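Inspection log for the structure reproduced underneath, given as structure tokens.
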Amino acid sequence: GVAGIAAASVGGLPGTGAGGETKDNTTALAAAPDAVEPVAANNAFNTQLDALDADARDFGSRASRTQERIDLKVRQAAEKKKREEEAIRKEAMRPKFALPVKLHRLSARFGQSGVNWMSVHTGIDFPVFSGTPVMAATDGTVRTQLNSAYGNMVIVTAPDGTETWYCHLSSAKIRSGSVKAGEVIAYSGDSGNSTGPHLHFEVRPGGGYAIDPLAWLRSHGLDPTS
């Protein structure tokens, strides 16, 4: 009857709600929030992957720069060692003794006596013109001195204490400091008690008495007479 129809109308059709929506639509709407969660999780995971990738690239870049610095230091150390070894090699090959002038001739020898000397001659003389370069016979330290007999002098003290004297000079090129054998230290002249331009050369072990410079030079492989 009418009551049944009304009841059916109020109860709604099977599969519908009071507002007329279908039960399937209500279920889909209710399920939608749950469907969003996996998407959000995927986005968060992707963000973490991107961050990890960026960190990895940054770490790789920093590692590369660190390796470059290490490689540079290794190269610099190798180059320094090479330079040091080359310097040691050159030093080992460098002559440690030299003739005081290039001229291979003497005008007076050690121990001579005569009117030219107040006593015996205490050195050897090289008959060179004024202004001739005079070289250190040994490595050592330099000092200069003015003497009434020897004139302008340069004295080189070798590491073993041996002094070499360069006398009657016109001028000194080096007045103090360190020198190496063969380095120009002065220029010959005619100062002091001199018979003319020449270089008077003496050798005094320990700064003491003079010895024969010719024998001393020959003992070191040098001969100014040949």
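Each position in the sequence shown, counted from 1, maps to that position plus 7 in the working numbering.
Heads up, the beta-carbon is just placed ideally off N, CA and C, and yes, glycines get one too.
Keep in mind it's a predicted model, so treat the numbers as computed, not measured.
Burial state of residue i, where buried means 16 or more other Cβ atoms lie within 10 Å
i	result
Arg211	buried
Glu28	With a pLDDT of 47 at Glu28, under the threshold of 50, the predicted position of this residue should be treated as unreliable, and no value is reported.
Thr202	exposed
Met100	exposed
Pro45	exposed
Pro214	According to the sequence shown, residue 214 is Gly rather than Pro. Classification for Gly214: exposed.
Phe117	buried
His165	Note that residue 165 is Ala in the sequence shown here, rather than His. Buried: at least 16 other Cβ atoms inside 10 Å.
For residue j and residue i, the rounded distance between their alpha carbons
i	j	result
Asp60	Asp78	27 Å
Asp167	Arg76	46 Å
His205	Glu92	41 Å
His227	Glu170	15 Å
Phe52	Arg82	44 Å
Pro21	Gln55	Low confidence applies to Pro21: its pLDDT is 45, below 50, so where it sits in the model is not reliable, and the reading given next is rough at best. The alpha-carbon atoms of Pro21 and Gln55 are separated by roughly 48 Å.
Thr139	Lys88	40 Å
Ile95	Asp146	16 Å
Val108	Val141	5 Å
Glu209	His111	16 Å
Tyr194	Ala144	14 Å
Leu36	Phe66	Because Leu36 sits at a pLDDT of 46, beneath the cut-off of 50, its placement in the model cannot be relied upon, and the point is left open.
Start and end residues, beta strand (DSSP E) containing residue i
i	result
Arg253	Because the chain here runs from 8 to 233, residue 253 falls outside it and cannot be looked at.
Pro140	Pro140 to Met142
Arg150	Gly147 to Asn154
Ser178	Glu170 to Ala179
Tyr194	Val191 to Ser195
Ser185	Gly184 to Val186
Supposed contact pair residue j and residue i - C-beta distance, whole angstroms, cut 8 Å
i	j	result
Asn200	Leu176	No, Asn200 and Leu176 are not in contact; Cβ-Cβ is about 13 Å, not under 8 Å.
Val149	Ile192	6 Å
Val163	Thr151	The pair is not a contact, with the Cβ atoms about 11 Å apart (cut-off 8 Å).
Run of the alpha helix (DSSP H) containing residue i, from where it starts to where it stops
i	result
Ala222	Pro220 to Ser226
Inset, instruction - Decide if the region 126-133 is in contact with the region 155-167; the criterion is three or more beta carbon pairs, one per stretch, under 8 Å apart. - result: no
Inset, instruction - Would you be able to state if there are at least three C-beta pairs under 8 Å between the region 213-222 and the region 177-191? - result: no
Legend entry - Any 3 or more C-beta pairs closer than 8 Å across the region 187-201 and the region 101-109: In this structure the region 187-201 touches the region 101-109; the number of beta carbon pairs closer than 8 Å is three or more.
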